[in-house]
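Only one structure is covered here, and it is reproduced in the block below.
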Amino acid sequence: MSDFFSAFFDELPQVRSGLWVTLEATVLGALAALLLSFVLGLMSISRLLVLRGTSRVVVEFFRGTSLYIQLFWLYYAMPTLTGYQLDPLLCGVVAFGLNYGAYGAEVVRGAIGSVPRGQYEAAVALNMSPLHRMRKVVLPQAWVQMIPSFTNLLIQLLKCTPLLWLISAADLMTVVQQLRDRTGETLTAYLTLLAVYFVLAYALTLLMNLLERGAKRRLGLPTGAGSLLRSRSATEAVASVPGGAR
Amino acid sequence: MATEPLPLQKTADVAPADAAPGAAPAVAPETGHPLVRFDDVVKRYGDHVVLDGLNFSVRRGEHITLIGPSGSGKTTILRLLMTLEKVSDGVIWVDGSPLSHVRTPAGVLKPAPEKHLREARKKIGMVFQQFNLFPNMKVLQNITEAPVNVLGKDREEAEARARELLDLVGLSAKIDAHPSQLSGGQQQRVAIARALAMEPEILLLDEVTSALDPELVAGVLELLGDIARNTDITMLCVTHEMNFARDVSETVLMFDSGQVIESGPPEKIFTDPEHERTREFLDAVL
Chain E
0 MSDFFSAFFD ELPQVRSGLW VTLEATVLGA LAALLLSFVL GLMSISRLLV
50 LRGTSRVVVE FFRGTSLYIQ LFWLYYAMPT LTGYQLDPLL CGVVAFGLNY
100 GAYGAEVVRG AIGSVPRGQY EAAVALNMSP LHRMRKVVLP QAWVQMIPSF
150 TNLLIQLLKC TPLLWLISAA DLMTVVQQLR DRTGETLTAY LTLLAVYFVL
200 AYALTLLMNL LERGAKRRLG LPTGAGSLLR SRSATEAVAS VPGGAR
Chain W
0 MATEPLPLQK TADVAPADAA PGAAPAVAPE TGHPLVRFDD VVKRYGDHVV
50 LDGLNFSVRR GEHITLIGPS GSGKTTILRL LMTLEKVSDG VIWVDGSPLS
100 HVRTPAGVLK PAPEKHLREA RKKIGMVFQQ FNLFPNMKVL QNITEAPVNV
150 LGKDREEAEA RARELLDLVG LSAKIDAHPS QLSGGQQQRV AIARALAMEP
200 EILLLDEVTS ALDPELVAGV LELLGDIARN TDITMLCVTH EMNFARDVSE
250 TVLMFDSGQV IESGPPEKIF TDPEHERTRE FLDAVL
């Protein structure tokens with residue numbers, strides 16, 4: 000067994016803790032992003048100009064500035080401004096939440112816009128309140144449209160977590176980097192990282208496919224049996240190939 | 000199905016018109032106090048005038064069919080009544096109250112806020128050309144969702160009522176189906192049951208058979224005929240089904256260019272129309 004793997008197994012508790020930090024950053028960051036996606040997405044379709052405007056500015060700002068710089072700003076610049084140092088993991092969660100929340104807001108806005116107008120009109124004709132219409136009619140239908148795009152964003156978010164290394168958050172990347180430095184086995188170290196991130200990303204894809212399948216079943220749509228293992232993307236959902244045996 | 004008694008006789012009698020709150024119509028009501036009255040209603044989309052100073056009224060319990068060429072503004076009338084659109088000018092009166100206006104302390108009518116519209120919509124139900132069932136709800140919930148969460152009915156009571164209505168529309172077996180598992184005709188019958196579950200005084204039917212395959216049309220029309228004969232629900236129906244207009248409605252309104260150009264009982268309109276445009280239209284569709 001190579002030096003790298005013996006070091007890897009010797010330091011297994013540390014590797015496990017690094018993996019845990021990566022997962023925490025991904026899951027908490029994704030939850031923050033999801034929350035922000037809905038808040039900003041719903042604000043962007045509000046009748047009130049001030050809400051629409053605020054949402055627009057926030058979305059454009061966080062989408063238009065690099066995640067890299069946002070992370071550095073939160074970790075290195077904010078303390079000099081406020082005198083308050085955030086924990087590295089929390090920095091990561093906030094930066095991922097803001098950045099991916101901005102992308103997610105556009106997904107929410109687009110999905111709500113894709114629900115046929117007749118659905119809204121039928122809900123009005125049944126005298127539902129605006130909140131009731133959104134909660135019981137529009138969002139459950141929009142949710143199915145959102146999942147493929149959210150899957151893409153979630154995987155991108157996972158793949159951004161190695162940036163935590165730059166603010167010394169002791170994630171998986173950081174731990175493996177240290178093992179590489181110690182053993183000098185660059186090839187094996189980075190191959191291992193590639194494999195681990197691929198496995199994590201694929202596991203997330205499967206989970207999201209399950210979620211999509213459940214959401215489709217609730218709408219009485221075909222769930223595409225056997226397609227659980229296939230990685231789907233937003234574009235693919237739209238341009239499904241007729242008779243596609245892939 | 001046509002002969003069985005319908006479980007939808009409305010027991011609540013007609014509220015006296017003058018009991019309507021804040022009702023002091025700027026224009027005195029016509030004889031017999033119409034349930035619906037369009038008072039110089041104008042609807043414009045940009046420069047395009049769809050309804051041009053429209054006046055007509057509907058008596059309580061009356062079944063009216065609106066006919067006329069495409070683009071003559073028939074559907075717009077229903078959409079205005081359902082408050083899906085706002086009038087550009089004029090006032091629609093329902094049961095003596097302005098539908099989409101409120102009276103300011105100075106006595107001037109101004110466009111109403113959502114709260115008033117929700118009050119106004121209580122009396123009115125609508126069935127759409129494209130059915131618009133909620134795909135995220137099964138048939139039963141499509142029918143009970145609004146009675147429970149809008150009218151505040153007890154769930155069991157609402158479900159019992161939904162079962163009666165599904166029986167009426169002949170779809171008891173589909174109670175647990177998704178809308179996507181139903182044919183167009185079945186979806187439309189569920190949509191009719193859903194509208195009836197809200198106990199509307201006025202039912203708006205917007206080309207409800209136009210999206211159906213020909214063999215499914217008869218079932219839906221028969222059902223609507225039953226409802227017209229066995230309830231006191233006032234019906235306004237936009238349709239291209241002239242037989243339906245003849246069999247079900249007491250009054251046919253012929254529209255052209257945003258105006259009622261002729262109105263009368265179907266036997267008169269269909270056999271001896273006065274207006275040249277009506278004759279041309281009927282020649283084209285019959």
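If you read the sequences in order, they're chains E and W. If you count the first sequence from 1, position 94 lands on 93 in numbering that gives the first Met the number 0, and the numbers rise without skipping. If you count the second sequence from 1, position 202 lands on 201 in numbering that gives the first Met the number 0, and the numbers rise without skipping. The beta carbon of each residue, even a glycine, is placed where N, CA and C say it ideally should be. Values in this document were obtained by computation on a predicted structure and should not be read as measured data.
If you draw a straight line from the C-alpha of residue i to the C-alpha of residue j, how long is it?
i: Phe60 of chain E; j: Leu167 of chain W; result: 57 Å
i: Asp212 of chain W; j: Gly60 of chain W; result: 30 Å
i: Pro199 of chain W; j: Gly124 of chain W; result: 5 Å
i: Leu156 of chain E; j: Gly96 of chain E; result: 9 Å
i: Ser56 of chain W; j: Leu285 of chain W; result: 27 Å
i: Gly197 of chain E; j: Thr75 of chain W; result: Here residue 197 of chain E is Phe; the residue named in the question, Gly, does not match the sequence. Taking the straight line joining both Cα atoms gives about 56 Å.
i: Arg228 of chain W; j: Ser248 of chain W; result: 10 Å
i: Arg154 of chain W; j: Val147 of chain W; result: 6 Å
i: Leu218 of chain E; j: Pro178 of chain W; result: 9 Å
i: Ala161 of chain W; j: Met197 of chain W; result: 10 Å
i: Thr143 of chain W; j: Ile111 of chain E; result: 24 Å
i: Ala23 of chain W; j: Asp88 of chain W; result: A caution first: Ala23 of chain W carries a pLDDT of 39, below 50, which makes its placement in the model unreliable, though a value can still be read off. Rounded to the nearest angstrom, the two C-alpha atoms are 19 Å apart.
i: Arg78 of chain W; j: Ser171 of chain W; result: 30 Å
i: Lys135 of chain E; j: Met77 of chain E; result: 41 Å
i: Val86 of chain W; j: Arg188 of chain W; result: 30 Å
i: Ala25 of chain W; j: Ile260 of chain W; result: Only weak support exists for where Ala25 of chain W lies, its pLDDT of 42 falling under 50; the value from the coordinates is given anyway. C-alpha separation (whole angstroms): 25 Å.
i: Leu162 of chain E; j: Ile68 of chain E; result: 11 Å
i: Val138 of chain W; j: Met145 of chain E; result: 25 Å
i: Arg117 of chain W; j: Thr79 of chain E; result: 53 Å
i: Ser113 of chain E; j: Gln180 of chain W; result: 22 Å
i: Ser45 of chain E; j: Arg51 of chain E; result: 6 Å
Would you say residue i faces chain E, with C-beta separation under 8 Å as the test?
i: Ala145 of chain W; result: yes
i: Lys121 of chain W; result: yes
i: Leu83 of chain W; result: yes
i: Gln187 of chain W; result: no
i: His100 of chain W; result: no
i: Ser87 of chain W; result: no
i: Gln129 of chain W; result: yes
i: Gln180 of chain W; result: yes
i: Met125 of chain W; result: yes
i: Val168 of chain W; result: no
i: Met234 of chain W; result: no
i: His177 of chain W; result: yes
i: Glu158 of chain W; result: no
i: Arg154 of chain W; result: no
i: Arg117 of chain W; result: yes
Going by the beta-carbon positions, is the gap between residue i and residue j smaller than 8 Å?
i: Gly17 of chain E; j: Thr173 of chain E; result: yes
i: Val40 of chain W; j: Leu50 of chain W; result: yes
i: Thr21 of chain E; j: Asp180 of chain E; result: no
i: Leu220 of chain W; j: Thr230 of chain W; result: no
i: Met241 of chain W; j: Thr277 of chain W; result: no
i: Gly28 of chain E; j: Val92 of chain E; result: yes
i: Val126 of chain W; j: Ile191 of chain W; result: yes
i: Tyr74 of chain E; j: Ala32 of chain E; result: no
i: Val143 of chain E; j: Lys215 of chain E; result: yes
i: Asp94 of chain W; j: Lys122 of chain W; result: yes
i: Phe8 of chain E; j: Thr187 of chain E; result: no
i: Ala145 of chain W; j: Asn126 of chain E; result: yes
i: Pro361 of chain W; j: Phe269 of chain W; result: The question about residue 361 of chain W has no answer here: the residues shown for chain W are numbered 0 through 285.
i: Ile166 of chain E; j: Thr204 of chain E; result: no
Does the beta carbon of residue i sit closer than 8 Å to a beta carbon anywhere in chain W?
i: Lys215 of chain E; result: no
i: Met133 of chain E; result: no
i: Val107 of chain E; result: no
i: Gly117 of chain E; result: yes
i: Leu125 of chain E; result: yes
i: Ala121 of chain E; result: yes
i: Pro147 of chain E; result: no
i: Leu210 of chain E; result: no
i: Gln69 of chain E; result: no
i: Gln140 of chain E; result: yes
i: Gly219 of chain E; result: yes
i: Gly112 of chain E; result: no
Since residue i meets chain C, which of its residues come closer than 8 Å, beta carbon to beta carbon?
i: Asn148 of chain W; result: Protein chains E and W are contained in the structure displayed, whereas chain C is not.
Tell me whether residue i counts as near the ligand ATP, meaning its Cβ is closer than 7 Å to at least one heavy atom of that ligand.
i: Leu77 of chain W; result: The ligand ATP is absent from the structure shown, which contains no ligand whatsoever.
For residue i and residue j, which I take to be in contact (beta-carbon distance under 8 Å), what is that distance rounded to the nearest angstrom?
i: Leu70 of chain E; j: Cys90 of chain E; result: 6 Å
i: Val237 of chain W; j: Ala244 of chain W; result: With a Cβ gap of about 10 Å, Val237 of chain W and Ala244 of chain W do not count as contacting.
i: Ser43 of chain E; j: Ala124 of chain E; result: Ser43 of chain E to Ala124 of chain E, Cβ: 26 Å. No contact.
Could you give the uninterrupted runs of the beta strand (DSSP E) lying entirely in the segment 109 to 163 of chain W, keeping only those of 3 residues or more? Fully enclosed beta strand (DSSP E) runs of 3 or longer: 123 to 126.
Could you pull out every unbroken alpha helix (DSSP H) segment of at least 4 residues lying fully inside the segment 182 to 255 of chain W, listed in chain order? Counting whole runs of 4 or more residues, the segment 182 to 255 of chain W contains the alpha helix (DSSP H) stretches 183 to 196, 213 to 229, 241 to 247.
Going along the chain, which unbroken runs of the alpha helix (DSSP H) with 4 or more residues stay wholly within the segment 140 to 198 of chain E? Segments of the alpha helix (DSSP H) lying fully in the segment 140 to 198 of chain E: 171 to 182.
Could you tell me which uninterrupted alpha helix (DSSP H) segments, each at least 4 residues in length, are contained entirely in the segment 46 to 131 of chain E, listed from first to last along the chain? Scanning the segment 46 to 131 of chain E for uninterrupted alpha helix (DSSP H) segments of 4 residues or longer gives 48 to 63, 66 to 71, 77 to 81, 87 to 113, 116 to 124, listed from N- to C-terminal end.
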